[in-house]
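K.L.:
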Amino acid sequence: MFLPLFRVEDDPGPDFAQLLQRSGLNPPHPESGGLTPEMYRHGTTCVAIRYADGVLLAGDRRATSGHLISHRTIEKVFPADRHSGVAIAGAAGPAVEMVRLFQLQLEHYEKVEGVPLSLEGKANQLSQMIRGNLPAAMQGLAVVPIFAGFDLKRNEGRLFEFDVTGGRYEEADHATTGSGSLHAGTVIKLGFRRNLASDEVITLAIEALYEAADEDSATGGPDPVRGIYPVVATISADGYTRIDDDRLSEITRNVIDRRREV
Numbered sequence: 040m041f042l043p044l045f046r047v048e049d050d051p052g053p054d055f056a057q058l059l060q061r062s063g064l065n066p067p068h069p070e071s072g073g074l075t076p077e078m079y080r081h082g083t084t085c086v087a088i089r090y091a092d093g094v095l096l097a098g099d100r101r102a103t104s105g106h107l108i109s110h111r112t113i114e115k116v117f118p119a120d121r122h123s124g125v126a127i128a129g130a131a132g133p134a135v136e137m138v139r140l141f142q143l144q145l146e147h148y149e150k151v152e153g154v155p156l157s158l159e160g161k162a163n164q165l166s167q168m169i170r171g172n173l174p175a176a177m178q179g180l181a182v183v184p185i186f187a188g189f190d191l192k193r194n195e196g197r198l199f200e201f202d203v204t205g206g207r208y209e210e211a212d213h214a215t216t217g218s219g220s221l222h223a224g225t226v227i228k229l230g231f232r233r234n235l236a237s238d239e240v241i242t243l244a245i246e247a248l249y250e251a252a253d254e255d256s257a258t259g260g261p262d263p264v265r266g267i268y269p270v271v272a273t274i275s276a277d278g279y280t281r282i283d284d285d286r287l288s289e290i291t292r293n294v295i296d297r298r299r300e301v
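Quick note on numbering: the sequence shown equals residues 40 to 301 in this note's numbering.
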């Protein structure tokens with residue numbers, strides 16, 4: 040093995056592909072006929088909001104394949120264990136598979152060690168899984184979830200955002216992901232305040248997803264005709280609790296009624 044030497048004018052710098060080429064090697068290039076959005080289902084907008092008793096996760100129910108609505112009742116919010124949950128955005132197939140493996144890993148750790156993994160440890164584990172999906176993400180199968188849970192040691196809800204490379208970022212009050220995240224995040228910023236009550240934070244999440252659906256075609260809004268409402272779950276000291284559709288129906292009706300009055 041030898042170290043290639045270059046003149047100043049031929050130095051490839053930090054570009055690894057250029058280094059290979061100037062050393063007489065040809066790096067592989069991705070094939071042009073790769074995956075297109077029409078070939079797989081894509082899930083969008085999810086939000087996480089801290090409130091008085093913990094943290095809330097919510098996600099719309101629409102999945103798209105390109106410009107086609109491929110599924111109207113997909114679920115994007117899942118429990119990770121008793122005191123944490125994951126909301127997914129991106130390629131639906133790899134995202135759901137990642138969540139199932141994540142659930143299994145947390146269960147296995149608790150059985151082996153006798154205690155649950157810390158909340159930061161769970162976030163780090165999910166970060167590594169997202170990083171492991173990077174090659175698929177470079178081909179269009181990106182997965183960008185939100186992780187949230189109740190930290191029993193700190194006695195408070197915490198939430199974490201990620202990027203496609205596995206970068207992990209803890210947010211203080213709220214987080215959004217998916218194609219409608221800009222619109223949902225704006226609504227949450229305007230309506231958020233510290234120590235929201237349970238009904239207030241659920242209402243804020245519904246309003247955020249409603250506005251996101253109004254601006255983003257890939258986000259599905261509440262559908263009272265079909266009885267389709269966002270998946271909403273709260274995580275507190277009592278654990279992960281999914282909000283039933285009857286309660287969501289009432290809150291959604293109130294949100295729509297207020298909009299009619301404006």
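Just so you know, even glycine gets a beta-carbon here, dropped at the ideal spot from N, CA and C. The structure presented is a predicted model; accordingly, all values stated were derived computationally and were not measured.
Nearest by alpha-carbon distance to Lys115: which of His122, Thr215 and Leu158 is it?
P.N.:
As a working note, residue 115 is residue 76 in the sequence shown. Per the Cα distances, Thr215.
K.L.:
Where does Pro269 fall in DSSP's three states?
P.N.:
On the sequence shown, residue 269 is found 230 positions in, with the first residue counted as 1. Coil, per DSSP.
K.L.:
Please list the terminal residues of the continuous alpha helix (DSSP H) segment that includes Tyr148.
P.N.:
Along the sequence shown, read from residue 1 onward, the residue named residue 148 stands at position 109. Ala131 to Glu152 is the extent of the alpha helix (DSSP H) around Tyr148.
K.L.:
Among Asp296, Ile169 and Gly217, which residue has its Cα nearest to the Cα of Thr258?
P.N.:
The sequence position of residue 258 within the sequence shown is 219, counting from 1. It is Gly217 whose Cα lies nearest to the Cα of Thr258.
K.L.:
Does DSSP classify Arg101 as helix, strand or coil?
P.N.:
For this step, residue 101 is matched to residue 62 along the sequence shown. Arg101: coil per DSSP, three-state reduction.
K.L.:
Between the C-alpha atoms of Arg197 and Asp277, what's the straight-line distance to the nearest angstrom?
P.N.:
Within the sequence shown, numbered from 1, the residue matching residue 197 stands at position 158. Within the sequence shown, numbered from 1, the residue matching residue 277 stands at position 238. Their backbone Cα atoms lie some 15 Å apart in a straight line.
K.L.:
Could you tell me which of Arg299, Glu48 and Thr273 sits nearest to His122, measuring between CA atoms?
P.N.:
Locating residue 122 in the sequence shown gives position 83, counting from the first residue. Measuring from the Cα of His122, the nearest candidate turns out to be Thr273.
K.L.:
Is the region 187-206 touching the region 88-102 in the sense that three or more CB pairs, one from each, lie closer than 8 Å?
P.N.:
The region 88-102 is in contact with the region 187-206.
K.L.:
Once DSSP output is grouped into helix, strand and coil, what is the label at Ala276?
P.N.:
The residue given as residue 276 occupies position 237 in the sequence shown. Coil.
K.L.:
Quick check: what's the CA-CA separation for Glu149 versus Pro155?
P.N.:
Locating residue 149 in the sequence shown gives position 110, counting from the first residue. Locating residue 155 in the sequence shown gives position 116, counting from the first residue. Those two C-alpha atoms are separated by around 5 Å.
K.L.:
Of the residues Tyr79, Gln164 and Asp285, which one's Cα is nearest the Cα of Ala175?
P.N.:
Within the sequence shown, residue 175 is the residue found at index 136, counting from 1. Among Tyr79, Gln164 and Asp285, the Cα nearest to that of Ala175 is on Tyr79.
K.L.:
Nearest to Lys192 by alpha carbon, out of Pro261, Asn234 and Ser157?
P.N.:
Position 153 of the sequence shown, counted from the start, is the residue given in the question as residue 192. Of the listed residues, the one whose Cα sits closest to Lys192 is Ser157.
K.L.:
Beta-carbon of Leu96 versus every beta-carbon of chain D: anything under 8 Å?
P.N.:
The structure shown contains no chain D, having only a single protein chain.
K.L.:
According to DSSP, simplified to helix, strand and coil, what is Leu221?
P.N.:
Numbered from 1 along the sequence shown, position 182 holds the residue referred to as residue 221. If DSSP states are grouped into helix, strand and coil, Leu221 belongs with the helices.
K.L.:
Which residue's Cα is closest to the Cα of Ala134: Gly93, Ser166, Glu300 and Val151?
P.N.:
As a first step, residue 134 is located in the sequence shown; it is residue number 95 there, counting from the start. That would be Ser166, whose Cα lies nearest to the Cα of Ala134.
K.L.:
Could you tell me the alpha carbon to alpha carbon distance between His110 and Ala102, rounded to whole angstroms?
P.N.:
Locating residue 110 in the sequence shown gives position 71, where the first residue counts as 1. Locating residue 102 in the sequence shown gives position 63, where the first residue counts as 1. In a straight line, the C-alpha of His110 is about 5 Å away from that of Ala102.
K.L.:
Are the region 248-264 and the region 217-226 touching, with three or more C-beta to C-beta distances below 8 Å?
P.N.:
Touching, per the Cβ criterion.
K.L.:
Please state if the CB of Gly129 and the CB of Ala181 are separated by a distance shorter than 8 Å.
P.N.:
In the sequence shown, residue 181 corresponds to position 142, counting from 1. In the sequence shown, residue 129 corresponds to position 90, counting from 1. Yes. Within cutoff.
K.L.:
Check the DSSP bridge columns for Glu200 and list the partner residues they point to.
P.N.:
Locating residue 200 in the sequence shown gives position 161, counting from the first residue. Answer is Ile185 and Tyr208, bridged to Glu200.
K.L.:
Return the first residue and the last residue of the beta strand (DSSP E) that Ala251 is part of.
P.N.:
The sequence position of residue 251 within the sequence shown is 212, counting from 1. Run containing Ala251: none in the beta strand (DSSP E); it sits in the alpha helix (DSSP H), Ser237 to Glu254.
K.L.:
So Ile227 and Ile290 are in contact, right, with Cβ under 8 Å, and what is the actual spacing, rounded?
P.N.:
What you label residue 227 is simply residue 188 of the sequence shown in a count that begins at 1. What you label residue 290 is simply residue 251 of the sequence shown in a count that begins at 1. Wrong, their Cβ atoms sit about 16 Å apart, outside the cutoff.
K.L.:
Does the Cβ of Asp92 have 16 or more other Cβ atoms within 10 Å, making it buried, or fewer, making it exposed?
P.N.:
Working through the sequence shown from its first residue, we reach residue 92 at position 53. With 16 or more other Cβ atoms within 10 Å, it is buried.
K.L.:
Taking the continuous alpha helix (DSSP H) assigned at Pro169, which residues delimit it?
P.N.:
In the sequence shown, the residue the question calls residue 169 occupies position 130. A quick correction: the sequence has Ile, not Pro, at residue 169. Counting along the chain, the alpha helix (DSSP H) containing Ile169 begins and ends at Leu158 to Gly171.
K.L.:
For Leu229, does the three-state DSSP call read helix, strand or coil?
P.N.:
On the sequence shown, residue 229 is found 190 positions in, with the first residue counted as 1. Leu229 falls in the helix class under three-state DSSP.
K.L.:
Using only CA atoms, which one of Arg292, Leu229 and Asn172 lies nearest to Gly205?
P.N.:
Numbered from its first residue, the sequence shown carries residue 205 at position 166. The shortest Cα separation from Gly205 among Arg292, Leu229 and Asn172 belongs to Asn172.
K.L.:
Measure how close the beta-carbons of Ile241 and Ile267 come, nearest whole angstrom, since I'm counting them as under 8 Å.
P.N.:
The residue you call residue 241 lines up with position 202 of the sequence shown. The residue you call residue 267 lines up with position 228 of the sequence shown. Contact doesn't hold; Cβ gap of about 17 Å is too wide.
K.L.:
Nearest CA to the CA of Glu146: which residue from Ala251, Val294 and Ala119?
P.N.:
Taking the first residue of the sequence shown as position 1, residue 146 is located at position 107. Taking only the C-alpha atoms, the option nearest Glu146 is Ala119.
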